[in-house]
Structures are given as C-alpha cells and as structure tokens.
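Counting from 1, position 9 in the sequence shown corresponds to residue 14 in my numbering; the numbering is continuous, with no gaps.
Glycine is no exception: its CB is placed at the ideal position from the N, C-alpha and C atoms.
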Amino acid sequence: MRSVGTLTRADLAESINRRVGLSRADSLEMVEAILQHMSGALAEGENVKISGFGTFLLRDKAERIGRNPKTGVEVPITPRRVLTFRASQMLKDRISDGS
C-alpha cells in the first residue's frame with residue numbers, strides 16, 4: 006500500500022501491477038528501467054521533459070562569492086551543475102485544484 010506523504014518506487018510498481026497487469030517483479034523492473042534511463046540522460050547533460058508533468062533541467066552555475074553568515078568572511082563558491090524541476094502548467098493546475 007501507499008506510504009503516507011511520499012510516493013515510492015514500490016508504490017509506482019504496485020500501481021503498474023494493478024492497472025496494467027504486469028507481475029510485481031516486472032512492474033518494479035519497468036520503474037527501475039525508466040528511472041535509470043532518466044538518470045543516464047541527466048548524467049550525460051540532457052534535460053528530461055515529461056509532457057503534462059514537467060521538466061528536469063540541468064543548470065550550470067558560475068563561480069561566485071558567498072559569505073559565511075556567522076563570521077561575515079567572504080568565501081568563493083565553486084562553479085557547479087545543479088538539477089532543477091519545473092512543473093508543467095497542467096501539473097500546477099492539478100495541484101492547485103487539489104485533484
């Protein structure tokens with residue numbers, strides 16, 4: 006059954022099992038394959054767009070100067086790549102409607 010507040014891989018596999026009729030093992034394998042494919046694309050620098058859901062975007066952040074809030078000392082923050090998620094308008098509407 007679904008855990009409270011968090012959707013897990015097992016929950017996704019269970020849903021596929023019930024809706025499509027695949028075995029639990031095959032359902033879990035399908036979820037793992039999808040997540041592996043998405044992770045691989047992101048690792049190679051590709052963005053991942055799922056229509057009607059949203060887009061996982063990679064952003065390169067430049068080096069910048071930060072400040073230690075406790076001491077006030079300036080510290081260089083190294084350049085890095087970050088992953089962000091932008092929800093589609095359809096998902097935003099569904100969330101705001103509560104359905």
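What residue from the options has the CA that sits closest to residue i's CA?
i: residue 94; options: 70, 78, 24, 56; result: 56
i: residue 92; options: 73, 53, 74, 78; result: 53
i: residue 36; options: 51, 96, 49, 12; result: 12
For residue i, count neighbouring C-beta atoms within 10 Å of its own C-beta (all shown protein chains included) and say buried if the count is 16 or more, exposed if not.
i: residue 100; result: exposed
i: residue 48; result: exposed
i: residue 18; result: buried
Below 8 Å on the Cβ atoms is my contact criterion, and I expect residue i with residue j to pass it. Report the Cβ-Cβ distance as a whole number of Å.
i: residue 50; j: residue 63; result: 6 Å
Tell me the rounded alpha-carbon separation between residue i and residue j.
i: residue 58; j: residue 76; result: 42 Å
i: residue 98; j: residue 61; result: 18 Å
* Asked: Where are the alpha helix (DSSP H) runs, 4 residues long or more, that stay fully inside the region 17–63, in chain order?
  -> 29–48
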